[in-house]
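> Sharing a structure here in structure tokens format.
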DNA sequence: CCCGTATGTCGATAACCATCGAACGTCGAA
DNA sequence: TTCGACGTTCGATGGTTATCGACATACGGG
């Protein structure tokens, strides 16, 4: 870095009271992000690179990072740091309490109906 | 029209077996379209102009026509012709049978959480 | 303290989408 | 048959989004 100032790269997670349906629908409307969410639900929690592979997304790391950001800022993903990795997981309880049935519906829909 | 060929303007309605979650989520992700669906559920069936007014959408007729098309092609709306009007209604049964709980969730979500 | 792995950020580009006005088609009524 | 109301289609425009490569940052291990 040129300047001596550190860039923190802090992860922004909206509080549960800030979750909005329109944001969540917009985040889930992308096929790649929908696949990411569904894969994450199967695998439990997972680091970024692993999740991208498991979801079968053939996109660059920077693009996946962008999608992860959209899902996180919509309140769908939780990101925590473990060493050099970012561990992703679903905010199941928050989503269920605010929009009951939404996540279950998305996860239980057969692959063919996606 | 310049040519003598008639333009039919037929309404395309996908059969229930063609409905796809990603299409439906994408259609509902737009705030104006979401408002349209929620208003239509309250009012029952309604012609275009009336629905646009009831939903409070301050957009041109051509733009509303575009949104109506997106909702129709996603399988959310049914359009039937009555004289010079197009009467819009929700495909409740089709949506419920294919994606149980989705429409209810969208309709029951409080305005403040949209 | 250098290195490899993991990931975020930036700037650019292309694709997509919402929006509009203008022109057109269709219908019912005058 | 002329008119007005209703709605669609078209072409253009602007804004948003998906995508990438290059670079920067962070961590743990040698």
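Residue numbers (the numbering used here), protein chains in the order written: chain P, 209 to 322; chain H, 209 to 322. C-beta atoms are modelled at their ideal positions from N, C-alpha and C, and glycine is treated no differently.
Residue 314 (chain P) lies in the beta strand (DSSP E); which residues open and close that run?
The residue given as residue 314 (chain P) occupies position 106 in the first chain. Premise fails: residue 314 (chain P) lies in the alpha helix (DSSP H), 310 to 316, not in any beta strand (DSSP E).
> Just the chain P side, please: which residues come within less than 8 Å of residue 317 (chain H) by C-beta, in chain order?
Position 109 of the second chain holds residue 317 (chain H). Per Cβ cutoff of 8 Å: 229, 307.
> Around the Cβ of residue 226 (chain P), are there at least 16 other Cβ atoms within 10 angstroms (buried) or fewer (exposed)?
On the first chain, residue 226 (chain P) is found 18 positions in, with the first residue counted as 1. Result: exposed.
> Compute the distance between the beta-carbons of residue 279 (chain P) and residue 244 (chain P), then report whether it is under 8 Å.
Along the first chain, read from residue 1 onward, the residue named residue 279 (chain P) stands at position 71. Along the first chain, read from residue 1 onward, the residue named residue 244 (chain P) stands at position 36. Yes. Within cutoff.
> Is the segment 255 to 269 of chain H touching the segment 288 to 299 of chain H, taking contact as three or more C-beta pairs under 8 Å?
Yes, the segment 255 to 269 of chain H is in contact with the segment 288 to 299 of chain H.
> Following the continuous alpha helix (DSSP H) through residue 330 (chain P), name the residue where it begins and the one where it ends.
With chain P represented from 209 up to 322, any question about residue 330 (chain P) goes unanswered, as that position is not in the structure.
> Within its chain, find whatever has a CB closer than 7 Å to the CB of residue 260 (chain H); leave out the 5 residues flanking it on each side and keep chain order.
As a position in the second chain, residue 260 (chain H) is number 52, starting the count at 1. Correct list, in chain order: 272.
> Can you give me the C-alpha to C-alpha distance between residue 220 (chain P) and residue 237 (chain P), rounded to a whole angstrom?
Walking along the first chain from the start, residue 220 (chain P) turns up at place 12. Walking along the first chain from the start, residue 237 (chain P) turns up at place 29. Roughly 21 Å between the two C-alpha positions.
> Which term fits residue 267 (chain P), buried or exposed, when burial requires 16 or more other beta carbons within 10 angstroms of its beta carbon?
One-based indexing of the first chain puts residue 267 (chain P) at position 59. Exposed.
> Quick check: residue 309 (chain P) and residue 309 (chain H), are their CB atoms within less than 8 Å of each other?
Residue 309 (chain P) sits at position 101 when you count from the first residue of the first chain. Residue 309 (chain H) sits at position 101 when you count from the first residue of the second chain. It is a contact, given that the beta carbons lie within the stated cut-off.
> Once you ignore the five residues that flank residue 274 (chain P) on each side, which residues in its own chain have a CB closer than 8 Å to its CB?
Walking along the first chain from the start, residue 274 (chain P) turns up at place 66. Closer than 8 Å at Cβ, skipping near neighbours: no residue.
> Counting along the chain, where does the beta strand (DSSP E) carrying residue 289 (chain P) start and finish?
Here residue 289 (chain P) corresponds to residue number 81 of the first chain, with the count starting at 1. Counting along the chain, the beta strand (DSSP E) containing residue 289 (chain P) begins and ends at 285 to 290.
> Give me, in chain order, the residues of the same chain whose beta-carbon lies closer than 6 Å to that of residue 232 (chain H); leave out the 5 immediate sequence neighbours on both sides.
In the second chain, the residue the question calls residue 232 (chain H) occupies position 24. Around residue 232 (chain H): 282.
> Tell me, which residues are paired with residue 295 (chain P) by DSSP?
Residue numbering aside, residue 295 (chain P) sits at position 87 when the first chain is read from its first letter. Its beta-bridge partners are P:255, P:288.
> Does the beta carbon of residue 237 (chain H) sit closer than 8 Å to a beta carbon anywhere in chain P?
The residue labelled residue 237 (chain H) in the question sits at position 29 within the second chain. Yes, its Cβ sits closer than 8 Å to a Cβ of chain P.
> Compare the C-beta of residue 322 (chain H) against all C-beta atoms of chain P and say whether one is closer than 8 Å.
For this step, residue 322 (chain H) is matched to residue 114 along the second chain. Interface residue, yes.
> Assign residue 224 (chain P) to one of two classes, buried (16 or more other C-beta atoms within 10 Å of its C-beta) or exposed (fewer than that).
Residue 224 (chain P) sits at position 16 when you count from the first residue of the first chain. Per the 10 Å Cβ criterion, exposed.
> By the criterion of Cβ-Cβ separation under 7 Å, what are the contact partners of residue 234 (chain P) in chain H?
The residue given as residue 234 (chain P) occupies position 26 in the first chain. Neighbours of residue 234 (chain P) on chain H, chain order: 237.
> Applying the 10 Å Cβ sphere with the 16-neighbour rule, what's the burial state of residue 276 (chain H)?
Here residue 276 (chain H) is taken as the residue at index 68 of the second chain, counted from 1. So residue 276 (chain H) ends up on the buried side.
> Does any residue of chain H bring its CB to less than 8 Å from the CB of residue 242 (chain P)?
Along the first chain, read from residue 1 onward, the residue named residue 242 (chain P) stands at position 34. For residue 242 (chain P), the answer is yes, since a Cβ of chain H falls inside 8 Å of its Cβ.
> Going by other Cβ atoms of all chains shown within 10 Å of its Cβ, with 16 needed for buried, is residue 302 (chain H) buried or exposed?
Locating residue 302 (chain H) in the second chain gives position 94, where the first residue counts as 1. Buried is the call here.
> Nearest chain H C-beta to residue 265 (chain P) closer than 8 Å, yes or no?
In the first chain, counting from the first residue as 1, residue 265 (chain P) sits at position 57. No, its Cβ sits nowhere closer than 8 Å to a Cβ of chain H.
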